[in-house]
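Okay, so here's the structure we're looking at.
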Amino acid sequence: MSLHLRLRPFILPLLLLALWQIAAMAYAQTSRMPVPGDVLTMGWKLVSSGELPLALLQSLKRVLLGFACAASLALVVGTAMAAFEPIGRNLDPIVESFRPIAPIALLPLAILWFGTGTPAAAFIVGYAAFFPMLVNTIHGVRSIDQGVIRAARTLGVSRFTILRTVVLPGALPNLFVGARLALGVAWTSIIAAELAVGAKAGGGGSGGIGQMMFVFYAYSVDLSGIIVCMIGVGLVALIIDRGVRALEFWMLPWKR
């Protein structure tokens, strides 16, 4: 690959960074716009002290905990709704009634039920991640070629074996789509959850990246710190998405 092609992905970010620097210099006296140099300095300070990695790790642990619970439940419920028509017919109105409710609306209940710790934040994350995973599980199971299932039944294969060896492997592409969507929503929700919950449980004294952003906003009014947190959130989201894509690439070689 030529040097020009290698540098092409960096052209737009560098251009935006230059425009940001120019705007910050032009309006420095009349606005609170952070300067890229100050953001870089703050970023180095937070990374070298370990505060930013600790906060991101704490939030990531909550996201993975909530996602694991949500994905496990969604896989079971979604498969049952898709494979058994009575279950799907009876559960669909309940699912569609809860699905439009924003996760942030459940924060008062989460705090009352679980307190201001990791369980409350994980509950909000799990609720946010459940529905994208559920919908894609249902679609994936229902998209399986019925001819293949009938052929397996004709050969005397049990329903459970068909589910394990035919249905779930065939639904994997949709499951990975659901996982990417669910993890994206979960990572977004953890910010709001930590902002409201103010959690300080587990993994040291960090309440997560959401609480760090709140501290920068409410106590020190440090816009550079907020920008650093936003950059960290974006980078972790990119790493999560690339990780799921890599796992999909490995488990579904026919999609290469």
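Count along the sequence shown from 1, then add 265; that gives the number in my numbering.
Think of the CB as a built atom: it goes at the ideal place given N, C-alpha and C, for glycine as much as any other residue.
Residue from the options whose Cα sits closest to the Cα of residue i
i, options, result
"L446", "S489, G475, T402 and V480", "T402"
"M398", "G475, G331 and L503", "G331"
"L503", "G472, G449 and L281", "G449"
"A335", "P351, A393, P358 and R354", "A393"
"H374", "A458, G308 and A417", "Looking at the sequence provided, one finds Leu at residue 374 rather than His. The option with the nearest alpha carbon to L374 is A458."
"S506", "L281, L325, P274 and F349", "In the sequence under discussion, the amino acid at residue 506 is Asp, which differs from the Ser named in the question. Taking only the C-alpha atoms, the option nearest D506 is L325."
"V360", "A348, V400, I376 and L280", "V400"
"N439", "V509, A417, Q411 and A451", "V509"
"G435", "R354, T453, G412 and I352", "G412"
"T453", "K310, A291, F275 and G475", "G475"
"F395", "G443, A345 and P278", "G443"
"L437", "K310, I352, L517 and R418", "L517"
"A347", "L284, L433 and V312", "L433"
Run of the alpha helix (DSSP H) containing residue i, from where it starts to where it stops
i, result
"M298", "Where M298 is concerned, there is no enclosing alpha helix (DSSP H), given that its DSSP letter is neither H nor E."
"G490", "L488 to M516"
"A483", "From DSSP, A483 is part of no alpha helix (DSSP H); its letter is neither H nor E."
"P365", "Note, P365: premise wrong, no alpha helix (DSSP H); not H, not E."
"I369", "Careful: I369 lies outside any alpha helix (DSSP H) and carries neither H nor E."
"G405", "T383 to R407"
"V413", "Q411 to T419"
8 Å contact criterion, which residue i and residue j should meet: CB distance rounded
i, j, result
"V328", "I455", "5 Å"
"M478", "L460", "7 Å"
"P301", "Q286", "5 Å"
"L281", "G497", "At roughly 18 Å, the Cβ-Cβ gap does not stay under 8 Å, so L281 and G497 are not in contact."
Residue-level contact to chain D via CB, residue i, 8 Å cutoff
i, result
"M307", "The structure shown has no chain D; it contains just one protein chain."
> Taking one C-beta from the region 354 to 364 and one from the region 406 to 422 each time, how about it: are there three or more such pairs within less than 8 Å?
Replying inline: no
> Does the region 381 to 401 come close enough to the region 311 to 321 to have 3 or more Cβ pairs within less than 8 Å?
Replying inline: no
> In chain order, which continuous runs of the alpha helix (DSSP H) of length 4 or greater are located wholly inside the region 299 to 350?
Replying inline: 301 to 314 and 316 to 348
> Considering only residues of the region 426 to 454, which uninterrupted alpha helix (DSSP H) runs meet the minimum length of 4 residues and lie entirely inside it, listed in chain order?
Replying inline: none
> Quick one: any contact between the region 384 to 392 and the region 400 to 417, if contact means 3 or more CB pairs under 8 Å?
Replying inline: no
> Do the region 489 to 497 and the region 507 to 519 make contact, defined as three or more Cβ pairs closer than 8 Å?
Replying inline: no
> Touching or not, the region 428 to 442 and the region 367 to 377, by the rule of three or more beta carbon pairs under 8 Å?
Replying inline: no
>> Does the region 332 to 350 come into contact with the region 471 to 490, if we say contact requires no fewer than three beta-carbon pairs (one atom in each stretch) closer than 8 Å?
In response: no
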